[in-house]
Ligand SMILES: NC(=O)c1ccc[n+]([C@@H]2O[C@H](COP(=O)([O-])OP(=O)(O)OC[C@H]3O[C@@H](n4cnc5c(N)ncnc54)[C@H](OP(=O)(O)O)[C@@H]3O)[C@@H](O)[C@H]2O)c1
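In this note's numbering, the protein residues as written are 1431 to 1708.
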């Protein structure tokens, strides 16, 4: 059962990682310990989550060798620009207590500020120095990617976007696939809530003897998407990882695809600019 995927630069990335947005410094050690115990080796943070230091500390104390871990962090919007990007990257590296980052993403394109190209060029320089092993973006729509790909010397390996059964970005995933860029689904579980009571999902879950969150995560993986579900709870962290002993059949994948309502739960990347999110 596939647990990793080969990125367009030949590097292997786990298909399932722990998202740590909103995991507090106090909760981090227990969450990381539970994740490592369950089998996770990938962790997704960001400057904006203000927990890079506690994640780095918890990973160090886990005793897992650095080369077995896959750490993603992100350039915050307000740090875009060539020199600012280098400064922000070094700050993230120091907070995490690492000497390289596996995957560094531009968090949002911030199109009105028009700095994502030069930010990416700074990332390319850090990539050349070996401080970043893979480059990527987040919340990029097709037109942002087209603009970036026209000048990028190093192709982004992933585009991390909002993706869950109610907001299905199939067209963007197809465009990314054509460019050899993988999609990572953020909010893969739509932060829980009503989705877990959906009758279609519940009946598929019963059929496979799995929980609704497990079915949703498997739907992502069987559709070629990397997933980074967040949980602070050790049981749910283990539950979310326990999805590598089954696969969904095509009919069930399609049944989940039809739940799409094209409803973003968060802002459209075209209207998020520097200073907009606090
Ligand atoms: N690039 C971006 O702009 C962006 C934006 C948002 C998120 N992200 C990344 O994506 C990650 C995940 O997204 P997210 O945090 O927005 O949402 P999510 O992973 O879809 O959902 C997390 C919520 O679901 C609950 N949950 C998790 N597993 C569960 C289970 N098995 N059963 C019941 N409830 C469960 C969690 O509660 P408990 O913690 O209490 O278990 C939490 O409230 C983030 O942590 C972050 O790394 C990136």
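Cβ coordinates follow ideal geometry from the N, Cα and C atoms, glycine included. Since the structure is predicted, the reported quantities are computational estimates derived from the model, not experimental observations.
query: Cα separation between residue 1691 and residue 1601?; result: 14 Å
query: Tell me residue 1566's beta-bridge partners as DSSP assigns them.; result: 1535
query: From which residue to which residue does the alpha helix (DSSP H) around residue 1513 run?; result: 1512-1526
query: Give me the residue from 1665, 1646, 1662 with the minimum Cα distance to residue 1656.; result: 1646
query: Would you check if the distance between the CB atom of residue 1562 and the CB atom of residue 1549 is smaller than 7 Å?; result: no
query: For a minimum of 4 consecutive residues, which ranges assigned as the alpha helix (DSSP H) are wholly contained in the stretch 1584-1654?; result: 1600-1608, 1629-1638, 1642-1652
query: What three-state label does DSSP hand residue 1435 in the structure shown?; result: strand
query: Report, in whole angstroms, the separation of the C-beta atoms of residue 1484 and residue 1455, which I expect to be a contact under 8 Å.; result: 4 Å
query: Using DSSP with H/G/I as helix, E/B as strand and the rest coil, what is residue 1495?; result: coil
query: Does residue 1573 pass the burial test, meaning 16 or more other C-beta atoms within 10 Å, or should it be called exposed?; result: exposed
query: According to DSSP, what are the bridge partners of residue 1444?; result: 1434
query: By a C-beta neighbour count over all protein chains shown, 10 Å radius and 16 as the cutoff for buried, is residue 1495 buried or exposed?; result: exposed
query: Taking DSSP's pairing of strands, which residues face residue 1472 in a bridge?; result: 1500
query: Is the closest heavy atom of ligand 2 to the C-beta of residue 1622 under 6 Å?; result: Absent from the structure shown: ligand 2. Ligands present: ligand 1.
query: Under DSSP, the alpha helix (DSSP H) around residue 1575 begins and ends at which residues?; result: 1572-1579
query: In this structure, how does DSSP classify residue 1373 when only helix, strand and coil are distinguished?; result: Residue 1373 falls outside the range modelled here, since the chain spans only 1431 to 1708, and no answer is possible.
query: Please classify residue 1673: does DSSP put it in a helix, a strand, or coil?; result: coil
query: Determine the DSSP secondary structure at residue 1660, reduced to helix, strand or coil.; result: strand
query: Considering only the alpha carbon of each residue, which of 1443, 1567, 1556 lies closest to residue 1476?; result: 1567
query: To the nearest angstrom, how far is it from the Cα of residue 1445 to the Cα of residue 1679?; result: 19 Å
query: Taking residue 1626 as the reference, give the member of 1505, 1684, 1595, 1707 with the closest Cα.; result: 1595
query: With DSSP collapsed to three states, give me the class of residue 1556.; result: helix
query: Out of curiosity, what's the CA-to-CA distance linking residue 1440 and residue 1507?; result: 28 Å
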